[in-house]
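Asks:
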Amino acid sequence: MTVYQSSFTIQSDRRPTFEDITDRVVESMHNSGINNGILLVYSQHTTCSVMIQEAADDVNYWGTELLMQDLVNVLEKIIPTCRTEGQYLHPGPKHIQAAAGRNEEAFWSLNTDAHLRSVLMGRSVSIPIINGELMLGEFGRIYFADFDQVRARERTVRVQIVGELL
Amino acid sequence: MTVYQSSFTIQSDRRPTFEDITDRVVESMHNSGINNGILLVYSQHTTCSVMIQEAADDVNYWGTELLMQDLVNVLEKIIPTCRTEGQYLHPGPKHIQAAAGRNEEAFWSLNTDAHLRSVLMGRSVSIPIINGELMLGEFGRIYFADFDQVRARERTVRVQIVGELL
Amino acid sequence: MTVYQSSFTIQSDRRPTFEDITDRVVESMHNSGINNGILLVYSQHTTCSVMIQEAADDVNYWGTELLMQDLVNVLEKIIPTCRTEGQYLHPGPKHIQAAAGRNEEAFWSLNTDAHLRSVLMGRSVSIPIINGELMLGEFGRIYFADFDQVRARERTVRVQIVGELL
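Following this line, the structure appears as structure tokens:
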């Protein structure tokens, strides 16, 4: 039994960003040498999510897969994009003051929608590894989502595996 | 420390299907001999979910537990059942073409609602095993949900356990 | 490789309760001596959730962090607070009869909203431990949520860790 860990980075945009990270996760699994176990794909960012979904094949003019744009459209109905302060309770004055102390622009904190969308969708997926194969089925792909629309950033994805070597 | 894996199948219907799989998961745990660890119940199908919920006792005319029907009613409000193409962006023309290449009926791809409901609800649950007992509390039951309403299918549920033998 | 388990309790209120449990989880990790692995924070209660979120700094008059109150406001729109029987299908007559057999007040079962909110938000989070550090990033905090609004109760949070000792 062993623990394996790796990470890689993603560049997000100033709109909900979805990146198919399946190949990088599978490569991590191969590098680990772990043949049977549990693989955790995890984002430590509180405006991001990790999800398993079918590939949509088609994309919109922005390059977003249509199934992911359908998801954004659903989320927009229940958690509208935060366009100005006062739309949500958060961020309050103490939060803005703390952000200023970190030399952050005030508008960087206008990502309440992203915090809420991310916690609703979840920050990780756990996937069985069986006989050296990641159990995604025929159509399952792993996506990293960054819901933050106020700034483009480099984001870290972590792959943590606990299991048995071959 | 060891890894144990098992799987079993579920027959879904052409409506949201919820099946109480607690007994089969507990049986897997007993078969594993693992006394302390983490148990993952996982669905590799991108229109299905695994959830922990209280048993409702009462069912509707379809046999669906009332708490699960309440869940379907909530989901219907935010992610309406897909009744025809064009209601959601997905499936687009490339997706339909790819499905035709797999000899799939076009209407089989009209399950966008199920893809979205499933990713919102999550594809797995992780549960502690302590001294040979699955920590579900007095009322927790494990359900497999198939949200796909376009065809009835056989579905696979995987149980993956990492932990210590007695 | 080893398995470590611990638990602690939370006192909830008759309104959605959010408690920052980060320090207690990190203390459990330190007590475990596990340096690399997967840490599961889990609630066995079917009206509760465990979530990772940024701290909001500001709180409302009830002491609820503003980002969590924003979450409650979103949930209220899609899963309204259950105020009387008949608003949701659950609880049905058999459920009320079973509850009466456990000497429960009938109104204790009017927590359908909490069951639905909890299963939507999820019952656990899994977090990597790398070189003795819990991977929460700069802003991630772990919250225990009790969505049950019909009674104040003591709740159990479980921390289960699988990994390698230093």
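Chains as they are written, first to last, in my numbering: chain S, 1001 to 1166; chain A, 1001 to 1166; chain U, 1001 to 1166. Even glycine gets a Cβ: it sits at the ideal position worked out from N, Cα and C.
Which ranges does the alpha helix (DSSP H) cover as unbroken runs of at least 4 residues, wholly within the stretch 1055-1137 of chain U, from first to last along the chain?
Replies: Runs found: 1066-1078, 1093-1101 and 1112-1121.
Asks: Keeping to the same chain, check which residues put their C-beta closer than 6 angstroms to that of U/SER1118; ignore five residues upstream and five downstream.
Replies: Counting from 1 along the third sequence, the entry for residue 1118 of chain U is found at position 118. Cβ within range, chain order: THR1047, CYS1048, SER1049 and PHE1147.
Asks: Straight-line CA distance for A/SER1028 to A/VAL1125?
Replies: Position 28 of the second sequence, counted from the first residue, corresponds to residue 1028 of chain A. Position 125 of the second sequence, counted from the first residue, corresponds to residue 1125 of chain A. So the two alpha carbons sit approximately 15 angstroms from each other.
Asks: Does the Cβ of S/GLY1037 have 16 or more other Cβ atoms within 10 Å, making it buried, or fewer, making it exposed?
Replies: For this step, residue 1037 of chain S is matched to residue 37 along the first sequence. By the Cβ-count criterion, S/GLY1037 is buried, with 16 or more other Cβ atoms from all chains shown falling within 10 Å of its own Cβ.
Asks: Run through chain U and tell me which residues come within less than 7 angstroms of S/ALA1098, C-beta to C-beta.
Replies: Position 98 of the first sequence, counting from 1, holds the residue named residue 1098 of chain S. The answer, in chain order, is ASP1057.
Asks: Which same chain residues end up closer than 8 angstroms to S/ARG1151 when comparing Cβ atoms and leaving out the 5 residues on each side of it in sequence?
Replies: Reading the first sequence from its first residue, position 151 is the one you call residue 1151 of chain S. Hits under 8 angstroms: ARG1014 and TRP1108.
Asks: Could you tell me the distance, in whole angstroms, from the CA atom of S/ILE1010 to the CA atom of S/GLU1154?
Replies: For this step, residue 1010 of chain S is matched to residue 10 along the first sequence. For this step, residue 1154 of chain S is matched to residue 154 along the first sequence. Here the alpha carbon of S/ILE1010 sits roughly 6 angstroms from the alpha carbon of S/GLU1154.
Asks: Hey, how far is the Cα of U/ILE1112 from the Cα of S/VAL1159?
Replies: Sequence index remark: in the third sequence, residue 1112 of chain U carries index 112 (1-based). Sequence index remark: in the first sequence, residue 1159 of chain S carries index 159 (1-based). In the sequence as displayed, the identity of residue 1112 of chain U is Thr instead of Ile. Spanning the two alpha carbons is a distance of roughly 36 angstroms.
Asks: Nearest-angstrom Cα distance between A/GLN1053 and S/MET1068?
Replies: What you label residue 1053 of chain A is simply residue 53 of the second sequence in a count that begins at 1. What you label residue 1068 of chain S is simply residue 68 of the first sequence in a count that begins at 1. S/MET1068 has its alpha-carbon roughly 27 angstroms from the corresponding atom of A/GLN1053.
Asks: Distance, Cα to Cα, A/ALA1098 vs S/TYR1061?
Replies: By one-based count along the second sequence, residue 1098 of chain A stands at place 98. By one-based count along the first sequence, residue 1061 of chain S stands at place 61. Using only the alpha carbons, I get a separation of about 20 angstroms.
Asks: So is U/LEU1089 in contact with chain A if we call contact Cβ pairs under 8 angstroms?
Replies: On the third sequence, residue 1089 of chain U is found 89 positions in, with the first residue counted as 1. Closer than 8 angstroms to some Cβ of chain A, the Cβ of U/LEU1089 qualifies, so yes.
Asks: How big is the Cα-Cα spacing for S/VAL1074 and S/HIS1090?
Replies: In the first sequence, the residue the question calls residue 1074 of chain S occupies position 74. In the first sequence, the residue the question calls residue 1090 of chain S occupies position 90. So the alpha carbons of these two residues sit roughly 22 angstroms apart.
Asks: By the criterion of Cβ-Cβ separation under 8 angstroms, what are the contact partners of S/SER1126 in chain A?
Replies: Against the first sequence, residue 1126 of chain S aligns to sequence position 126. Per Cβ cutoff of 8 angstroms: LEU1040, TYR1042, SER1124 and SER1126.
Asks: When you compare each of U/GLY1132, U/GLY1122 and U/GLU1138 to U/VAL1041 by their alpha carbons, which one comes out closest?
Replies: In the third sequence, counting from the first residue as 1, residue 1041 of chain U sits at position 41. When only C-alpha atoms are compared, the closest one is U/GLY1122.
Asks: Roughly how many angstroms separate the alpha carbons of S/LEU1136 and A/GLN1044, rounded to a whole number?
Replies: Indexing the first sequence from 1 puts residue 1136 of chain S at position 136. Indexing the second sequence from 1 puts residue 1044 of chain A at position 44. Answer to the nearest angstrom: the Cα atoms are 5 angstroms apart.
Asks: So, at 7 angstroms on beta carbons, what are the nonlocal neighbours of A/HIS1115 in its own chain, with the 5 sequence-adjacent residues on each side left out?
Replies: For the purposes of this step, residue 1115 of chain A is taken as residue 115 along the second sequence, with counting starting at 1. Cβ within range, chain order: THR1046 and THR1047.
Asks: Thinking just about the alpha-carbon of each residue, which of S/SER1032, S/GLU1138, S/PRO1128 and S/SER1012 is nearest to the one in S/THR1064?
Replies: Looking up residue 1064 of chain S in the first sequence gives position 64. Among S/SER1032, S/GLU1138, S/PRO1128 and S/SER1012, the Cα nearest to that of S/THR1064 is on S/SER1012.
Asks: Within 10 angstroms of its Cβ, does S/THR1084 collect 16 or more other Cβ (buried), or is it exposed?
Replies: On the first sequence, position 84 is the one that residue 1084 of chain S refers to. S/THR1084 comes out exposed.
Asks: Considering only the beta carbon of each residue, do U/ILE1021 and U/ILE1142 sit closer than 8 angstroms?
Replies: On the third sequence, residue 1021 of chain U is found 21 positions in, with the first residue counted as 1. On the third sequence, residue 1142 of chain U is found 142 positions in, with the first residue counted as 1. The Cβ-Cβ distance between U/ILE1021 and U/ILE1142 falls below 8 angstroms.
Asks: Name the chain A residues that come within less than 7 angstroms of S/ASP1070, Cβ to Cβ?
Replies: Position 70 of the first sequence, counted from the first residue, corresponds to residue 1070 of chain S. Chain A residues near S/ASP1070: TYR1088, LEU1089, HIS1090, THR1112 and LEU1116.
Asks: Using a Cβ-Cβ cutoff of 7 angstroms, what residues of the stretch 1145-1164 of chain S are near chain U? List them in chain order.
Replies: Those residues of the stretch 1145-1164 of chain S that come within reach of chain U (Cβ to Cβ, closer than 7 angstroms) are ARG1158, GLN1160 and VAL1162.
Asks: Tell me the residue span of the alpha helix (DSSP H) that contains S/VAL1025.
Replies: Against the first sequence, residue 1025 of chain S aligns to sequence position 25. Per DSSP, S/VAL1025 belongs to the alpha helix (DSSP H) from 1022-1032.
Asks: Take the Cβ of S/PRO1128 as the centre, count every other Cβ of all protein chains shown within 10 Å, and call the residue buried at 16 or more, exposed below.
Replies: One-based indexing of the first sequence puts residue 1128 of chain S at position 128. Buried, by the Cβ-count rule.
Asks: Is the beta carbon of U/GLY1092 closer than 8 angstroms to that of A/ASP1057?
Replies: As a position in the second sequence, residue 1057 of chain A is number 57, starting the count at 1. As a position in the third sequence, residue 1092 of chain U is number 92, starting the count at 1. In contact: A/ASP1057 and U/GLY1092 (Cβ atoms closer than 8 angstroms).
Asks: Round the Cβ separation of S/VAL1003 and U/GLU1164 to the nearest angstrom and send it over; I've been treating them as touching at under 8 angstroms.
Replies: Numbered from 1 along the first sequence, position 3 holds the residue referred to as residue 1003 of chain S. Numbered from 1 along the third sequence, position 164 holds the residue referred to as residue 1164 of chain U. Yes, S/VAL1003 and U/GLU1164 are in contact; Cβ-Cβ is about 5 angstroms, under 8 angstroms.
Asks: Which stretch, first to last residue, makes up the beta strand (DSSP E) that contains S/ALA1152?
Replies: Here residue 1152 of chain S corresponds to residue number 152 of the first sequence, with the count starting at 1. Unbroken run through S/ALA1152: none, as it is neither H nor E.
Asks: In angstroms, rounded to a whole number, what distance separates the CA positions of S/ILE1130 and U/GLN1087?
Replies: As a working note, residue 1130 of chain S is residue 130 in the first sequence. As a working note, residue 1087 of chain U is residue 87 in the third sequence. For S/ILE1130 and U/GLN1087, the distance between alpha carbons rounds to 45 angstroms.
Asks: Is it buried or exposed, U/ARG1102, if we count other Cβ atoms within 10 angstroms and call 16 or more buried?
Replies: Stepping through the third sequence from its first residue, residue 1102 of chain U is reached at position 102. Label assigned to U/ARG1102: exposed.
Asks: Have a look at S/GLU1019 and U/VAL1157 and give me their C-alpha separation to the nearest angstrom.
Replies: Position 19 of the first sequence holds residue 1019 of chain S. Position 157 of the third sequence holds residue 1157 of chain U. Between S/GLU1019 and U/VAL1157, the C-alpha separation is close to 33 angstroms.
Asks: Would A/LEU1071 pass as a contact of A/LEU1134 if the rule is Cβ separation under 8 angstroms?
Replies: Numbered from 1 along the second sequence, position 71 holds the residue referred to as residue 1071 of chain A. Numbered from 1 along the second sequence, position 134 holds the residue referred to as residue 1134 of chain A. Contact: no.
Asks: How close, in whole Å, do the beta carbons of S/PRO1016 and S/ALA1145 come, if the pair is a contact with beta carbons under 8 angstroms?
Replies: In the first sequence, the residue the question calls residue 1016 of chain S occupies position 16. In the first sequence, the residue the question calls residue 1145 of chain S occupies position 145. Yes, S/PRO1016 and S/ALA1145 are in contact; Cβ-Cβ is about 7 angstroms, under 8 angstroms.
Asks: Ends of the beta strand (DSSP E) at A/ARG1141?
Replies: Within the second sequence, numbered from 1, the residue matching residue 1141 of chain A stands at position 141. Run containing A/ARG1141: 1140-1146, per the beta strand (DSSP E) assignment.
Asks: Using a Cβ cut-off of 7 angstroms, pull out every chain S residue sitting near U/ASN1036, in sequence order please.
Replies: Against the third sequence, residue 1036 of chain U aligns to sequence position 36. One finds VAL1003 and GLN1005 in chain S with Cβ atoms closer than 7 angstroms to the Cβ of U/ASN1036, taken in chain order.
Asks: My output table needs one value for A/LEU1165: the three-state DSSP class, helix, strand or coil.
Replies: On the second sequence, position 165 is the one that residue 1165 of chain A refers to. Residue state, collapsed to three classes: strand.
Asks: For the beta strand (DSSP E) containing S/THR1047, name the first residue and the last one.
Replies: Numbered from its first residue, the first sequence carries residue 1047 of chain S at position 47. Per DSSP, S/THR1047 belongs to no beta strand (DSSP E) and is neither H nor E.
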